[in-house]
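Accompanying notes for the structure given below.
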Amino acid sequence: MFIGFDDTDSKQGMCTTYIAAVLIERLKSYGKVSNPRLIRLNPTIKYKTRGNAAIAISIDTEHQKEVEEITIKTIEDLAELKEENTNPGVVFAPNVPDEIKLFSKRAVKETIRIDEAKKLISKYGLHHKGFKNKRGLIGALAAVGAELDDFTYELITYRYKDQWGSKRNIDRQSVFKADRETYPLTWDTVDLVNKKIVFFPHSGCPVLYGIRGDEVSAIVKANEIVKSEPFERSVLFTTNQGTDSHLISSEISEVKEGCSYILRGKIRDDPHTISGGHVIFSISDGSACIDCAAYEPTKNFRDIVRALLKDDVITAFGSVKNNTINLEKIEVEYLKDKFTYTNPKCPKCDKTMKSSGKGQKYRCKSCKTYSDEKDRFLVERVIEPGLYEVPPVARRHISKPLIREKYEKGKKVHLNR
Ligand code: ATP
């Protein structure tokens with residue numbers, strides 16, 4: 179039996195993954211619980227609390243009724259039901275029909291209406307419970323249907339309840355050591371350029387920290403190195419974090435608000451910095467054009483973007499909000515030649531000629547020589563072709579860090595960490 183649930187937390191507290199951790203323990207005596215999955219859905223959804231996560235677990239059981247009751251009771255016990263924007267949903271499925279798998283894929287890339295989730299739940303006769311406006315049923319059904327073509331892991335540790343809301347007690351040096359000893363099999367634990375630890379949330383939720391990576395043994399090793407306050411429990415989730423499963427390859431004319439894309443285009447104007455430190459430019463692919471933004475939180479990634487010029491060709495990766503691509507990565511494909519121009523040299527005496535006035539020739543008074551044009555010199559570009567990414571401090575949960583990219587031979591990858 180598959181159990182999916184979502185929308186149990188609020189900005190004030192709780193975390194859907196913590197409810198999963200408690201539920202796994204409560205269900206232990208009713209069957210074999212396995213495969214907890216943390217599924218990140220469309221990152222642009224406006225109702226999300228933080229990272230638009232939903233949870234699915236599976237249980238091999240002969241006590242279906244009790245399992246359903248315990249799951250609903252656990253959500254009632256722990257969900258932030260008093261918060262206006264917390265609308266939990268839970269779905270139980272004996273198996274996963276293809277239509278629900280497809281629904282799940284769409285929930286990672288598009289915006290889905292609650293009616294659609296309800297229709298599918300009723301079509302397949304799935305036991306379920308929706309609380310309040312029942313919006314959580316969308317994420318719950320999507321979690322049940324998630325097929326992970328690409329996946330990573332996250333080991334999440336949870337604090338004792340009396341610590342929730344207080345400053346997390348984690349030894350900084352031990353986190354950098356854990357990263358040094360297990361990267362690149364673990365990643366996004368620290369941000370070396372920005373000198374930040376990025377593996378814990380800053381909210382009052384039950385999460386102490388989470389270690390992400392591609393190999394369980396490396397994650398376990400990192401966890402052994404980290405020194406912290408004691409934790410109540412931990413769970414290893416399989417997840418679509420770090421997979422780019424939200425991105426759709428498209429032409430610019432096809433883009434829709436609230437979806438995330440891979441778009442190739444020529445830069446239409448030199449990037450410029452606007453108030454707040456955000457860097458903006460526009461690309462065109464012949465079908466249409468769209469603005470791209472490297473927002474202030476992307477920190478040093480903006481230096482790369484500032485180095486681009488009109489007529490360079492790039493591929494942009496990111497979500498469309500207010501008709502602007504919020505850049506997560508770029509691939510620089512073609513850099514046009516950049517020149518500087520200086521007054522020409524006199525061919526006789528080699529001294530720099532002077533302009534005779536606006537729109538007039540350059541001349542050397544002593545030699546009586548003339549020239550119509552300035553001299554042109556090729557300037558080295560400060561960036562080179564290849565893939566560039568935002569730093570870990572600005573990374574979305576679902577975005578694939580370049581260290582995970584299986585890149586084609588010869589393609590240059592510029593890691594930012
Ligand atoms: P956390 O990451 O802290 O668990 P969250 O960011 O996952 O919180 P939720 O509280 O789960 O946010 O709220 C997200 C809401 O949006 C849920 O009700 C979920 O069902 C709904 N939702 C998720 N994906 C989609 C989608 N693609 N289309 C429409 N609604 C969605």
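Per my numbering, numbering of the sequence shown is gapless, rising by one per residue and ending at 595.
The C-beta atom is built at its ideal place from N, Cα and C for all residues, glycine as well.
Who pairs with CYS542 in a beta bridge, going by DSSP?
Within the sequence shown, numbered from 1, the residue matching residue 542 stands at position 364. Answer by DSSP bridge pairing, in chain order: THR547.
Taking the beta strand (DSSP E) that GLU511 belongs to, which residues open and close that run?
Stepping through the sequence shown from its first residue, residue 511 is reached at position 333. 502 to 512 is the extent of the beta strand (DSSP E) around GLU511.
Taking contact to mean at least 3 C-beta pairs separated by less than 8 angstroms, is the region 384 to 394 in contact with the region 231 to 241?
Cβ pair count under 8 angstroms is below three, so no.
Quick one, are the C-beta atoms of ASP447 and SER460 less than 8 angstroms apart?
Stepping through the sequence shown from its first residue, residue 447 is reached at position 269. Stepping through the sequence shown from its first residue, residue 460 is reached at position 282. Yes, they are a contact pair.
Report the rounded CA-to-CA distance for ILE299 versus HIS305, giving the unit in angstroms.
On the sequence shown, position 121 is the one that residue 299 refers to. On the sequence shown, position 127 is the one that residue 305 refers to. Using only the alpha carbons, I get a separation of about 8 angstroms.
Ordered along the chain, which non-local residues of its own chain (more than five positions away) have a Cβ less than 8 angstroms from that of PHE409?
Mapped onto the sequence shown, residue 409 falls at position 231. Excluding positions up to five away in sequence, the list reads THR335, TYR336, ARG337, TYR338, LEU386.
Could you compute how far the alpha carbon of VAL286 sits from the alpha carbon of PRO221?
For the purposes of this step, residue 286 is taken as residue 108 along the sequence shown, with counting starting at 1. For the purposes of this step, residue 221 is taken as residue 43 along the sequence shown, with counting starting at 1. Cα-Cα distance, rounded: 8 angstroms.
Decide if ASN501 is buried, meaning its Cβ has at least 16 other Cβ atoms within 10 Å, or exposed.
The sequence position of residue 501 within the sequence shown is 323, counting from 1. When all chains shown are included, ASN501 counts as exposed.
Tell me which same chain residues have a C-beta within less than 8 angstroms of the C-beta of PHE377, skipping the five on either side of it?
Translated into the one-based positions of the sequence shown, residue 377 becomes position 199. These residues qualify, in order along the chain: VAL353, ASP366, THR367, VAL368, TYR387, GLY388, ILE389, ARG390.
DSSP state of LEU298, grouped into three classes?
In the sequence shown, the residue the question calls residue 298 occupies position 120. Note: LEU298 maps to helix in three-state DSSP.
The ligand ATP and ASN521: does any heavy atom of the ligand fall closer than 7 angstroms to the residue's C-beta?
Start at 1 with the first residue of the sequence shown, and residue 521 comes out as number 343. No.
Can CYS193 be considered in contact with the ligand ATP, in the sense that its beta carbon sits closer than 7 angstroms to one or more heavy atoms?
Position 15 of the sequence shown, counting from 1, holds the residue named residue 193. Flag set: Cβ of CYS193 near the ligand ATP.
Return the CA-CA distance between LYS345 and PHE180, expressed in angstroms with no decimal places.
On the sequence shown, position 167 is the one that residue 345 refers to. On the sequence shown, position 2 is the one that residue 180 refers to. Roughly 36 angstroms between the two C-alpha positions.
Are there 16 or more other CB atoms within 10 angstroms of the CB of ASN265, so buried, or fewer, so exposed?
Walking along the sequence shown from the start, residue 265 turns up at place 87. The residue in question, ASN265, is buried, as its Cβ has 16 or more Cβ neighbours within 10 Å.
According to the Cβ coordinates, are THR186 and GLU258 closer than 8 angstroms?
Sequence index remark: in the sequence shown, residue 186 carries index 8 (1-based). Sequence index remark: in the sequence shown, residue 258 carries index 80 (1-based). Their beta carbons are under 8 angstroms apart, which means THR186 touches GLU258 by this criterion.
Taking 8 angstroms as the threshold (beta carbon to beta carbon), is ALA234 in contact with chain B?
Any reference to chain B falls outside this structure, which holds one protein chain only.
So which of LEU333, VAL483, TYR473, PHE309 has the shortest CA-CA distance to VAL269?
Position 91 of the sequence shown holds residue 269. Considering only alpha carbons, the answer is PHE309.
Counting Cβ pairs, one atom from each stretch, are 3 or more of them under 8 angstroms apart for the region 502 to 519 and the region 481 to 493?
With a cut-off of 8 angstroms, the region 481 to 493 and the region 502 to 519 count as touching, because enough Cβ pairs lie within range.
For VAL200, which of GLU558, LYS189, GLU583, LYS251 has the nearest alpha-carbon?
The residue given as residue 200 occupies position 22 in the sequence shown. If we check each option's Cα against that of VAL200, LYS251 comes out closest.
Measuring straight from C-alpha to C-alpha, what distance separates TYR331 and GLU562?
Counted from its first residue, the sequence shown places residue 331 at position 153. Counted from its first residue, the sequence shown places residue 562 at position 384. Between TYR331 and GLU562, the C-alpha separation is close to 32 angstroms.
At the level of alpha carbons, what is the spacing between ASP184 and PHE281?
Indexing the sequence shown from 1 puts residue 184 at position 6. Indexing the sequence shown from 1 puts residue 281 at position 103. Roughly 15 angstroms separates the two Cα atoms.
So within the region 309 to 344, which uninterrupted beta strand (DSSP E) runs reach at least 3 residues, ignoring any that extend past its ends?
Entirely contained in the region 309 to 344, the beta strand (DSSP E) runs reaching 3 residues are, in chain order, 330 to 337.
Mind checking which residues open and close the beta strand (DSSP E) that includes SER187?
Locating residue 187 in the sequence shown gives position 9, counting from the first residue. The sequence shown places Asp at residue 187, rather than the Ser named in the question. First-last for ASP187: undefined, no H or E at that position.
Mind pulling the beta strand (DSSP E) runs of 3 or more residues that sit fully within the region 256 to 296?
Listed in chain order, the complete beta strand (DSSP E) runs (minimum 3 residues) inside the region 256 to 296 are 267 to 271.
Closer than 5 angstroms from C-beta to any heavy atom of the ligand ATP: which residues, in chain order?
Qualifying residues come out as ASP184, ASP185, ASP187, THR194, LEU219, ASN220, ILE223, TYR225, LYS226, THR227, ARG228, GLY229, ASN230, ALA231, ALA285, THR289, ILE290, ARG313, GLY314, ILE316, GLY317.
Going by C-alpha to C-alpha distance, which of TYR225, GLY323, SER549 sits closest to ASN273?
Within the sequence shown, the letter at position 95 stands for residue 273. Among TYR225, GLY323, SER549, the Cα nearest to that of ASN273 is on GLY323.
How long is the line joining the alpha carbons of LYS373 and LEU363, rounded to whole angstroms?
As a position in the sequence shown, residue 373 is number 195, starting the count at 1. As a position in the sequence shown, residue 363 is number 185, starting the count at 1. Looking at the two C-alpha atoms, the distance is approximately 20 angstroms.
Using DSSP bridges, identify the partner residues of TYR387.
Your numbering for residue 387 matches position 209 in the sequence shown. Answer is THR335.
Can you tell me whether PHE459 is helix, strand or coil according to DSSP?
By 1-based counting over the sequence shown, the position of residue 459 is 281. It is a strand residue.
Rounded to the nearest angstrom, how far is the Cβ of LEU441 from that of THR476, given a contact under 8 angstroms?
Within the sequence shown, residue 441 is the residue found at index 263, counting from 1. Within the sequence shown, residue 476 is the residue found at index 298, counting from 1. Not really, about 17 angstroms apart at Cβ, beyond 8 angstroms.
Taking C-alpha atoms, which residue in GLN538, ASP276, CYS542, TYR519 lies nearest to LYS526?
Numbered from 1 along the sequence shown, position 348 holds the residue referred to as residue 526. Nearest C-alpha to LYS526: CYS542.
Are the Cβ atoms of HIS575 and ARG218 separated by less than 8 angstroms?
Sequence index remark: in the sequence shown, residue 575 carries index 397 (1-based). Sequence index remark: in the sequence shown, residue 218 carries index 40 (1-based). Against a cut-off of 8 angstroms, the Cβ pair of ARG218 and HIS575 comes out as a contact.
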